[in-house]
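Residue numbers (this note's numbering), protein chains in the order written: chain L, 1 to 362; chain U, 1001 to 1362; chain A, 2001 to 2362; chain C, 3001 to 3362.
Ideal Cβ positions, reconstructed from N, Cα and C, are used throughout, including at glycine.
From a predicted model like this one, the values you see are computed outputs, not experimental measurements.
The block underneath contains the structure these notes are about, expressed in structure tokens.
Protein chains: 4
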Amino acid sequence: MGNSLGKKFVITSFGESHGRCIGIVIDGCPAGLPLSEADIQAELDKRKPNDAVSSTPRQEADKADILSGIFHGHTTGAPVCLAVWNEDAKSSGYEKTKDIPRPGHADYTAFLKYGGFNDYRGGGQFSGRNTAGFVMAGAVAQKLLDLIGVKILAHTVEIGGVRADSYDVISAEVVNNNPLRCADLRDAAKMLAAIEKARAEGDSLGGIIEGIAINVPAGLGEPLFDTLEGDLAKALFAIPAVKGVEFGAGFGVSQLKGSQNNDAFRIKRGKIVTATNNSGGILGGISSGMPVVVRVAVKPTPSISRKQNTVNIAKMENAELAIKGRHDVCIVPRAAAVLAAMMAVSLCDLALRAGIIPEVIK
Amino acid sequence: MGNSLGKKFVITSFGESHGRCIGIVIDGCPAGLPLSEADIQAELDKRKPNDAVSSTPRQEADKADILSGIFHGHTTGAPVCLAVWNEDAKSSGYEKTKDIPRPGHADYTAFLKYGGFNDYRGGGQFSGRNTAGFVMAGAVAQKLLDLIGVKILAHTVEIGGVRADSYDVISAEVVNNNPLRCADLRDAAKMLAAIEKARAEGDSLGGIIEGIAINVPAGLGEPLFDTLEGDLAKALFAIPAVKGVEFGAGFGVSQLKGSQNNDAFRIKRGKIVTATNNSGGILGGISSGMPVVVRVAVKPTPSISRKQNTVNIAKMENAELAIKGRHDVCIVPRAAAVLAAMMAVSLCDLALRAGIIPEVIK
Amino acid sequence: MGNSLGKKFVITSFGESHGRCIGIVIDGCPAGLPLSEADIQAELDKRKPNDAVSSTPRQEADKADILSGIFHGHTTGAPVCLAVWNEDAKSSGYEKTKDIPRPGHADYTAFLKYGGFNDYRGGGQFSGRNTAGFVMAGAVAQKLLDLIGVKILAHTVEIGGVRADSYDVISAEVVNNNPLRCADLRDAAKMLAAIEKARAEGDSLGGIIEGIAINVPAGLGEPLFDTLEGDLAKALFAIPAVKGVEFGAGFGVSQLKGSQNNDAFRIKRGKIVTATNNSGGILGGISSGMPVVVRVAVKPTPSISRKQNTVNIAKMENAELAIKGRHDVCIVPRAAAVLAAMMAVSLCDLALRAGIIPEVIK
Amino acid sequence: MGNSLGKKFVITSFGESHGRCIGIVIDGCPAGLPLSEADIQAELDKRKPNDAVSSTPRQEADKADILSGIFHGHTTGAPVCLAVWNEDAKSSGYEKTKDIPRPGHADYTAFLKYGGFNDYRGGGQFSGRNTAGFVMAGAVAQKLLDLIGVKILAHTVEIGGVRADSYDVISAEVVNNNPLRCADLRDAAKMLAAIEKARAEGDSLGGIIEGIAINVPAGLGEPLFDTLEGDLAKALFAIPAVKGVEFGAGFGVSQLKGSQNNDAFRIKRGKIVTATNNSGGILGGISSGMPVVVRVAVKPTPSISRKQNTVNIAKMENAELAIKGRHDVCIVPRAAAVLAAMMAVSLCDLALRAGIIPEVIK
């Protein structure tokens, strides 16, 4: 259960890290949207491991494959099923450690919940690999959002305690062209140094990513419960490793007085805007027309080569585990692509629900 | 739209601040649960304004009224409808300022989304008053959770930048018996001083609340999308003023290495536990059996008496607004009761979905 | 569970026959719709018992009470909660027979499903009285459908085996002005005679009602599963006593060849129509623009005064039951109002889902 | 939209007649169920064309392919994705007639709803071919129902006006071993003769199928709206060509008095049963423990070789169409397999919702 998200642009995930494929079905995509595998591939490629920050030895082409829903180069209104096929899964090593849950991983809870029937190879459906499906869905959602001018950018604001604080502007070009997805190259260099240090220590690093959506039409979000914040947060907590979500001033609101935190309304070139954006573009759970700003906390990758204390479930005794092989030292920059994708999915769903994106694209 | 939450324990909110009542329908409450208005009243009373931190002049009895679903003192399996009737709403003042949205409020976005048809009196359905319904639903959910031993406590960890850092243990008795809902009375005194200062300045304060649920059975949460984190976060962002949600180490994960953040599994008295709880009791979106720990950021009440910049929507020109009357200086302690209620609602829904709470209570 | 229906125009039912009230919450009603209690009362009155066909001694005013969602005479976009208050429930008689389920009633299955905690007074939430809520929701839905010209008429086509076959046209005026809701007064007279005979025998009669919706825009229905037929059928089977639903030629298709059953497309005054309407206005689960025609089978009221065989659940032995008091001999004509209401609810939901009715009425 | 069905055992359909594949994702299948492709294939084969009644020239192996959710021969709790790959689609002929909708088909409504972007080759997602996915999901559902003893049999009760009325008992062996799926071989012979006659005339025949589920536990169905009747009907109307659904005495209730239609409760071998089963095993929308009996009306296949009147949408003028190639003369017997599958899907969903089938199979 729980593998579908959304009410009008509904995505359903399937597949496992070491199974046949990772797939996603999109139900509710309007008819008439031009869509090709190249459109999706461009987004998938942003999620790929890059040598600077990761070193996963698994070589996957992650080539987008459209299984349904496209005819003559356009969506038909029928479900769009997208898949990437697993080609380089090496599962032999997992039998040995199947009773020894990795600290910080879903191994233990998946074992409990599914009575030991869960596919433990590479984390099964709990693998970060499943976010390939999220990114494919995000690519379609973004194409729909393009129709109403919404642009989304996700960038790294902190890694291993190193804060990006040098940038004046956030340029998509700068962000997308450095492996740290950082808005400032000097900050990126510091982050990289921290990552290199952690790698040498057999350790991993977490961080914080910020997603910004501009040109979001006012009126997205369905209070009281399907608020823009609530729906976005739910979508973002589906990204493995995310442990916190905040909007606008976020946890910083505790430091502000009402007179500081309230964003004054002003008329600017005939339009109502706010002088500040502590609300992150959301008031009463509804978009205000200002940029939607969200930050997520990404925990350090749990798979580390340092020896860790754990248990043997079968023997019910304490055990130690040193995870072999090479792993991502820091998934934060890769997670930026997933954050942008899930923002797109959620905003697109709410835009369809509000009738802002039509049922047929003409 | 969006006024229902949950999949098995489904709550549907209705009512407005200055309408007839605030109500909530619970669909999916198992049959056979003993339930009286007194059970609900006890929780509602925790949400009441208290003189220390608030000074809302509106006098509402907020008496729980059961409209359906109870027979011979037990739930019947049919929907439970609960209401509190509005008795002291004074709406005359709102006509004057209906075109002048309060900064930081939903006034502006509700106007846009609902084409000006929204009930603007006291914020209509966006009023914090609607959380009375949340608390009533939470009272029922908590009674169900009692059957499996789950206890929830919410306490204030920060107000106006004053951090509660003196406590060694978190005692429900201490928390519930001081108006700040703080685990340490010395910290509570400091927070109170900050609140008094803000009150004198015609300003307001935000803060941070922490919710802790113990004895949560392992296995709650339905990945990939209906994760324990995602579902809780969605429920918590329904509380007006919440701008951030984090679990366990939360945004602090960015400062930790994997070797620090990973919670080591250990055998303790024949059970598997973790040595630390940076995960907040959640791994892979599923409860691990450790305490579920969540913190929410609550923004300062937007209604302040200081003069603020805003606009007149009808005239499309800049305007000023000084909100008359007395308002809550700091809603953080009252929000603690709502946080606990929404945690109960969400955990109860997931426990029912996982089949841990039965369909009929015997 | 299961007390909500719809995806965009979502109705949630609460209340019991002998409880405080019967209520319905509508979530998703667009803002800006003029709505008064008089609008709803007009529909409720159509459902009232009439002396010709029923003789329920319970005297209920069934006065519509709006609890939320209306401001300045218009819907606000917030949930609309509507109720009728029970005023004449006499519950004393039910204790005696609580262990003796009435044949054909929900008494037995409700007892099993809810572990004996169900409210057995007057059938509790299984009472036909709950359809007062359906009719109130239908009144709101019909006002929305009026905006796009959809008109719905339900009429009696059979009672106790007496078929209405004399009418040439179906006139709303004729249907609404005879207590049988029959399109021909001669047929109505025959049905009435059959009812009188059954009444004299202490028995009851079932029948068939037909609902017709005209001006239904093409494109309603969301295949594969939320088809117009599937969604309508689900809504109609919520009406107590309905045991069959058929569209267009319905079960008669078994007698037809493809060349007879296929409705030929033709151009008529510049529009595409079909020469016949065996499809009942629905092809591939989607409305075609032709009238939507549905018929439902309504079983005879199970409450009859003749002695019947049943069991005593507490003693687990055979028993006899003769239901005292006066009951409806034939609910078919009253059910017509409910059929029309549920058609309106379902069509309105699909029209909102298809974006044909806007989010804000201007 | 609308391509998912169910609340706990949720199926999501994708694929088109002439696309890459037909697929179905099952979310909510309990972990621990032994499942192989052979299990699914056995059911798929029952849906295959057979020479007696059909003559579709398309040669599809319809081999079940498991894409996810199975590990070590058991379900894992993760979504199960199943597909059959299209291998023999010949699409060239469809371009010529794409503007000429086939009478009785979804061609016209799909064109309208999806703005002409629908995949018109072989009916696209409206093709009967999509029921291959239904049957695969049904195979999984039936394996779960096996755990609680539920058996389902679907048999043909009428074809082209020829009623099966000779059988005394309904034997699964007889039904499954004649191509008509008829409970009596003499009746089957008469039906076959009618089919041969229609074939010679270039015409097609409809019919009626009955589905019977035995050992259905009491308590399935979630009133008021997710009733057993409502949920089953919704599932069954998803089968192309179904135009009517009735339970137990169905439309015949109009001919019965209450004293005839009411099923008397009786004690039999220490259990409560009913003497008759006019209710079709359902009272108040909840299963009573008696056999669940449902009948569906299946319209004649619209694709016939006789010349028919239609229109040219592009030219907006009247046109004629004679559908080339060989088609099923009568899909009724093949639809029986689909009926059984959808009954299984729906009953399984309700059994999971009621907690009767556990979350993990041990």
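Please look up how many angstroms separate the CB atoms of valine 2293(A) and isoleucine 2356(A), rounded, as I've assumed it's under 8 Å. What you label residue 2293(A) is simply residue 293 of the third sequence in a count that begins at 1. What you label residue 2356(A) is simply residue 356 of the third sequence in a count that begins at 1. Rounded, the Cβ-Cβ distance is 20 Å, inconsistent with contact.
Put serine 3254(C) into one of helix, strand or coil per three-state DSSP. Working through the fourth sequence from its first residue, we reach residue 3254(C) at position 254. Residue state, collapsed to three classes: helix.
On the DSSP bridge list, what partners appear for lysine 3268(C)? The sequence position of residue 3268(C) within the fourth sequence is 268, counting from 1. DSSP lists Lys3271(C) as partners of lysine 3268(C).
Could you name the residues of the same chain whose beta carbon sits closer than 7 Å to that of proline 3223(C), not counting the 5 residues immediately before and after it, in chain order? Walking along the fourth sequence from the start, residue 3223(C) turns up at place 223. Once the five neighbours on either side are set aside, the close Cβ partners of proline 3223(C) are Gly3284, Gly3285 and Ile3286.
Verify whether the separation of the beta carbon atoms of valine 3332(C) and isoleucine 3239(C) is less than 9 Å. Counting from one through the fourth sequence, the residue named residue 3332(C) turns up at place 332. Counting from one through the fourth sequence, the residue named residue 3239(C) turns up at place 239. No. Outside cutoff.
Taking C-beta to C-beta, are arginine 2121(A) and glutamate 2016(A) nearer than 9 Å? Working through the third sequence from its first residue, we reach residue 2121(A) at position 121. Working through the third sequence from its first residue, we reach residue 2016(A) at position 16. The answer is yes: Cβ separation under 9 Å.
For arginine 3102(C), the nearest candidate out of Arg3353(C), Gln3308(C) and Ala3336(C) (CA to CA): Along the fourth sequence, read from residue 1 onward, the residue named residue 3102(C) stands at position 102. Of Arg3353(C), Gln3308(C) and Ala3336(C), the residue nearest in Cα terms is Gln3308(C).
Since leucine 2256(A) meets chain C, which of its residues come closer than 8 Å, beta carbon to beta carbon? Locating residue 2256(A) in the third sequence gives position 256, where the first residue counts as 1. Within chain C, the residues placing a beta-carbon under 8 Å from that of leucine 2256(A) are Gly3206, Lys3299 and Pro3300, ordered along the chain.
Select from the region 341-362 of chain L all residues with a C-beta closer than 7 Å to any C-beta belonging to chain A, and list them in chain order. Flagged, chain order: Ala354, Gly355, Pro358 and Glu359.
I'd like the span of the beta strand (DSSP E) that includes threonine 3310(C), first residue to last. Within the fourth sequence, the letter at position 310 stands for residue 3310(C). It spans 3308-3312 - the beta strand (DSSP E) in which threonine 3310(C) sits, taken as one unbroken run.
Test: lysine 2234(A) CB closer than 9 Å to a CB of chain L: On the third sequence, residue 2234(A) is found 234 positions in, with the first residue counted as 1. Not a single C-beta of chain L is nearer than 9 Å to the C-beta of lysine 2234(A).
Would you report the Cα separation of alanine 2137(A) and arginine 1047(U), rounded to the nearest angstrom? As a working mapping, residue 2137(A) is identified with position 137 in the third sequence. As a working mapping, residue 1047(U) is identified with position 47 in the second sequence. Alanine 2137(A) and arginine 1047(U) have their C-alpha atoms some 33 Å from each other.
Contact list for the region 2034-2059 of chain A against chain U, Cβ threshold 9 Å: Going along the region 2034-2059 of chain A in chain order, one finds no residue with a Cβ nearer than 9 Å to chain U.
Measuring CA to CA, which of Cys21(L), Leu236(L), Thr274(L) and Asn176(L) is closest to leucine 3363(C)? Nothing can be reported for residue 3363(C), as the shown portion of chain C is limited to 3001 through 3362.
Would asparagine 262(L) count as contacting chain U if we go by Cβ distances under 9 Å? What you label residue 262(L) is simply residue 262 of the first sequence in a count that begins at 1. At least one CB of chain U lies nearer than 9 Å to the CB of asparagine 262(L).
Please report the distance separating the alpha-carbon of serine 3166(C) from that of leucine 3192(C). Here the question's residue 3166(C) lines up with position 166 in the fourth sequence. Here the question's residue 3192(C) lines up with position 192 in the fourth sequence. Serine 3166(C) and leucine 3192(C) have their C-alpha atoms spaced approximately 15 Å apart.
Any residues in the region 3088-3108 of chain C with a beta carbon nearer than 7 Å to a beta carbon of chain A? Which ones, in chain order? Cβ proximity to chain A below 7 Å picks out Pro3101, Pro3103, Gly3104, His3105, Ala3106 and Tyr3108 from the region 3088-3108 of chain C.
Alpha carbon to alpha carbon, how far is lysine 3271(C) from isoleucine 3011(C)? For the purposes of this step, residue 3271(C) is taken as the residue at position 271 of the fourth sequence. For the purposes of this step, residue 3011(C) is taken as the residue at position 11 of the fourth sequence. Going by the C-alpha atoms only, they are around 35 Å apart.
Nearest chain C C-beta to glycine 280(L) closer than 9 Å, yes or no? Taking the first sequence and counting its residues from 1, one reaches residue 280(L) at position 280. No, its Cβ sits nowhere closer than 9 Å to a Cβ of chain C.
Tell me where the beta strand (DSSP E) around cysteine 21(L) begins and ends. In the first sequence, residue 21(L) corresponds to position 21, counting from 1. Start and end: 21-27.
Rounded distance between the beta-carbons of glycine 1221(U) and leucine 1339(U), thought under 8 Å: Position 339 of the second sequence, counting from 1, holds the residue named residue 1339(U). Position 221 of the second sequence, counting from 1, holds the residue named residue 1221(U). About 19 Å separates the Cβ atoms of leucine 1339(U) and glycine 1221(U), ruling out a contact at the 8 Å cut-off.
Assigned exposure category for proline 3034(C) - 16 Cβ within 10 Å defines buried: Taking the first residue of the fourth sequence as position 1, residue 3034(C) is located at position 34. Flag for proline 3034(C) reads exposed.
In this structure, what does DSSP give as the bridge partners for valine 298(L)? As a working mapping, residue 298(L) is identified with position 298 in the first sequence. According to DSSP, valine 298(L) bridges with Gly207(L) and Val242(L).
Cut-off 8 Å between Cβ atoms - residues of its own chain near glutamine 41(L), not counting five sequence neighbours on either side: In the first sequence, the residue the question calls residue 41(L) occupies position 41. Short of 8 Å from the beta carbon of glutamine 41(L), and not among the five residues preceding or following it, lie these beta carbons of its own chain, in chain order: Lys63 and Ala64.
Apart from the five residues on each side of it in sequence, which residues of its chain come closer than 6 Å, Cβ to Cβ, to alanine 969(U)? Limits of chain U in this structure are 1001 at one end and 1362 at the other, which puts residue 969(U) out of reach.
How about glycine 1115(U) and lysine 2257(A): do their beta carbons lie closer than 9 Å? The residue you call residue 1115(U) lines up with position 115 of the second sequence. The residue you call residue 2257(A) lines up with position 257 of the third sequence. Result no, Cβ atoms of glycine 1115(U) and lysine 2257(A) do not sit closer than 9 Å.
Hey, how far is the Cα of leucine 1352(U) from the Cα of valine 1360(U)? Here residue 1352(U) corresponds to residue number 352 of the second sequence, with the count starting at 1. Here residue 1360(U) corresponds to residue number 360 of the second sequence, with the count starting at 1. Within the model, the alpha-carbon separation for leucine 1352(U) versus valine 1360(U) is close to 11 Å.
Quick one: is glutamine 3308(C) near chain A, going by C-beta distance under 9 Å? Position 308 of the fourth sequence, counting from 1, holds the residue named residue 3308(C). Taking Cβ atoms only, chain A reaches closer than 9 Å to glutamine 3308(C), which makes this a yes.
Using C-beta distances below 8 Å, list every residue in its chain close to aspartate 51(L), excluding the 5 sequence neighbours before and after it, in chain order. Position 51 of the first sequence, counting from 1, holds the residue named residue 51(L). Excluding positions up to five away in sequence, the list reads Pro179.
Return no unless some Cβ of chain A is closer than 9 Å to the Cβ of glutamine 3125(C). As a first step, residue 3125(C) is located in the fourth sequence; it is residue number 125 there, counting from the start. Answer yes: the Cβ-Cβ gap between glutamine 3125(C) and chain A drops below 9 Å somewhere.
Between aspartate 187(L) and chain U, is the shortest Cβ-Cβ distance under 9 Å, so that the two count as touching? On the first sequence, residue 187(L) is found 187 positions in, with the first residue counted as 1. Residue contact with chain U for aspartate 187(L): absent (no Cβ-Cβ distance below 9 Å to any residue of chain U).
In three-state DSSP terms, what is leucine 1330(U)? Numbered from its first residue, the second sequence carries residue 1330(U) at position 330. The sequence given here has cysteine at residue 1330(U), not leucine. Looking at cysteine 1330(U) - three-state DSSP - the assignment turns out to be coil, as it is neither helix nor strand.
Which residues in the same chain as valine 2216(A) place their Cβ atom closer than 6 Å to its Cβ, once the five residues preceding and following it in sequence are excluded? Taking the first residue of the third sequence as position 1, residue 2216(A) is located at position 216. So the list reads Val2150, Ser2287 and Val2292, once near-sequence residues are dropped.
Quick check: what's the CA-CA separation for serine 976(U) versus valine 1080(U)? Absent from the model: residue 976(U). The displayed extent of chain U is 1001 to 1362, so no value can be given.
The region 1006-1034 of chain U: positions lying closer than 8 Å to chain A by Cβ: Answer in chain order: Lys1008, Val1010, Thr1012, Ser1013, Phe1014, Gly1015, Glu1016, Gly1019, Arg1020, Cys1021, Gly1023, Val1025, Asp1027, Gly1028, Ala1031 and Gly1032.
Considering only their Cβ atoms, is the gap separating glycine 207(L) from serine 1254(U) smaller than 9 Å? Locating residue 1254(U) in the second sequence gives position 254, where the first residue counts as 1. Locating residue 207(L) in the first sequence gives position 207, where the first residue counts as 1. Their beta carbons are under 9 Å apart, which means serine 1254(U) touches glycine 207(L) by this criterion.
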